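Enquirer: Once you've had a glance at the structure underneath, I'll fire off some questions.
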Amino acid sequence: MWVDVIQVVARGMADHVRGSVQQQGINFFKGLADALRTQTRLWVAVKEAKGIETMIDLMITHRRVDGVQECGCEFLEAMASDGQGIGMKIVQSHKGFAEIARSMRIHHDTPTVIEAGCRFFCSAFAEHSLAKLRKINVHQVVIDGMKHRPKSQGIQQHGCGALANLASKGDIFQERIMEGRGIEAVIAGLEEHRRSAG
Numbered sequence: 003m004w005v006d007v008i009q010v011v012a013r014g015m016a017d018h019v020r021g022s023v024q025q026q027g028i029n030f031f032k033g034l035a036d037a038l039r040t041q042t043r044l045w046v047a048v049k050e051a052k053g054i055e056t057m058i059d060l061m062i063t064h065r066r067v068d069g070v071q072e073c074g075c076e077f078l079e080a081m082a083s084d085g086q087g088i089g090m091k092i093v094q095s096h097k098g099f100a101e102i103a104r105s106m107r108i109h110h111d112t113p114t115v116i117e118a119g120c121r122f123f124c125s126a127f128a129e130h131s132l133a134k135l136r137k138i139n140v141h142q143v144v145i146d147g148m149k150h151r152p153k154s155q156g157i158q159q160h161g162c163g164a165l166a167n168l169a170s171k172g173d174i175f176q177e178r179i180m181e182g183r184g185i186e187a188v189i190a191g192l193e194e195h196r197r198s199a200g
C-alpha cells in the first residue's frame with residue numbers, strides 16, 4: 003500500500019511543480035515525517051516502500067522549491083532517526099547528505115530549510131558517516147547557515163548541536179570548525195539568544 007501512495011504523491015508533485023498539488027504533496031510528506039517519529043511499523047513500511055530514495059529524488063528534481071527542500075530535510079531526518087542507524091545508512095548511500103547540504107547552500111535565504119538541514123546534521127554523526135560529512139564540508143554549511151540567520155533560535159540551537167557533535171569526533175573536525183570561524187558563529191548565536199530557554 004505505502005509503495006503506491008508514496009509513488010502517486012511523488013508523481014503528482016513531479017507533474018505539477020506549482021500550485022495546490024505541489025503544496026498537498028509537501029503537506030503529505032511533512033505529516034508523514036511527524037508520524038514516523040512515533041510509529042515504528044509505519045517507519046518499516048515507508049522504508050520498504052523506498053520512501054527515502056523517493057524523497058531524495060524529489061529534492062533533486064525540485065532543487066529550487068523551498069517547500070520540497072524543507073519537507074525533504076524533515077522527512078529524511080525522521081527516517082534517519084530510527085535508533086539503529088539503518089535509515090541514516092540508506093540516506094547516506096543514496097547521496098542524501100550531499101543533497102541536504104546542497105539544499106542549505108541553494109536556499110540560504112530560507113530559514114526553514116536551513117533549520118531543517120541543521121536539525122538533520124545534528125543527528126548525522128555515526129562512525130560510518132564521518133568520511134562523507136568531511137567530504138561535503140558539512141561544518142561549513144552549518145556555520146554559514148548560522149552566520150546568515152543569527153536571529154533564528156532554531157538554526158542557532160541545531161547548528162550549535164551539529165557543530166558540537168562534529169567537534170566531538172576528533173581533531174580534524176575541530177580544526178575545520180575553527181578555520182571556518184565556527185567558534186565565532188557559536189558565540190554570536192549564544193549572545194543573540196542568551197535569554198532564551200533553548
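Residue 3 is where the sequence shown starts when you use this note's numbering, and the numbers rise one by one after that. Cβ atoms here follow ideal geometry from the backbone N, Cα and C, with glycine treated the same way. Every value quoted in this text rests on a predicted model; they were computed, and no experiment measured them.
#1: Anyone know if the C-beta pair for Asn-139 and Ala-103 falls short of 9 Å?
#2: Compute the Euclidean distance between the alpha carbons of Gly-85 and Ser-105, then round it to the nearest angstrom.
#3: Measuring CA to CA, which of Cys-162, Glu-76, Arg-151, Gln-155 is closest to His-141?
#4: For Gly-69, I'd like the list of residues in its chain whose CB is within less than 6 Å of its CB, leaving aside the five on either flank, ordered along the chain.
#5: Cβ of Gly-160 within 9 Å of Cβ of Arg-121?
#6: Alpha carbon to alpha carbon, how far is Trp-4 from Ile-92? Give it in angstroms, no decimals.
#7: Measure the Cβ-Cβ separation of Ala-32 and Glu-79 and say whether it is below 9 Å.
#8: Please report the distance separating the alpha-carbon of Met-145 from that of Asp-111.
#9: Based on Cα-Cα distance, which residue from Gln-9, Met-15, His-150, Ala-187 lies nearest to Ala-51?
#10: Can you list, in chain order, the residues of its chain whose CB lies under 6 Å from that of Arg-20, leaving out five sequence neighbours each side?
#11: Since Met-15 and Leu-60 should fall inside the 8 Å C-beta cutoff, what is the C-beta to C-beta distance between them, to a whole number of angstroms?
#12: Within 10 angstroms of the Cβ of Thr-56, are there 16 or more other Cβ atoms? Answer buried if so, exposed if not.
#13: With Gln-41 as the anchor, note down where its alpha helix (DSSP H) starts and where it stops.
#14: Please work out which residues of its chain come closer than 6 Å, Cβ to Cβ, to Ile-58, disregarding the five sequence neighbours upstream and downstream, and give them in chain order.
#15: Check Val-19 in the structure and name its three-state DSSP category.
#16: Would you report the Cα separation of Thr-40 and Arg-136, rounded to the nearest angstrom?
#17: Could you check what DSSP says for Lys-97 in three-state terms: helix, strand or coil?
Expert: Checking against the coordinates, here is how it stands:
#1: yes
#2: 25 Å
#3: The residue with the shortest Cα to Cα distance from His-141 is Cys-162.
#4: Ile-28
#5: For the record, residue 160 in the displayed sequence is His; it is not Gly. Against a cut-off of 9 Å, the Cβ pair of Arg-121 and His-160 comes out as a contact.
#6: 18 Å
#7: According to the sequence as given, residue 32 is Lys; it is not Ala. Contact flag unset, no.
#8: With the sequence shown as reference, residue 145 is identified as Ile, and Met is not the correct amino acid for it. For Ile-145 and Asp-111, the distance between alpha carbons rounds to 14 Å.
#9: Gln-9
#10: Correct list: empty, nothing qualifies.
#11: 6 Å
#12: buried
#13: First-last for Gln-41: undefined, no H or E at that position.
#14: His-96, Gly-98, Glu-101
#15: In the structure shown, Val-19 sits in coil (DSSP, three-state: anything other than H, G, I, E or B).
#16: Roughly 31 Å separates the two Cα atoms.
#17: coil
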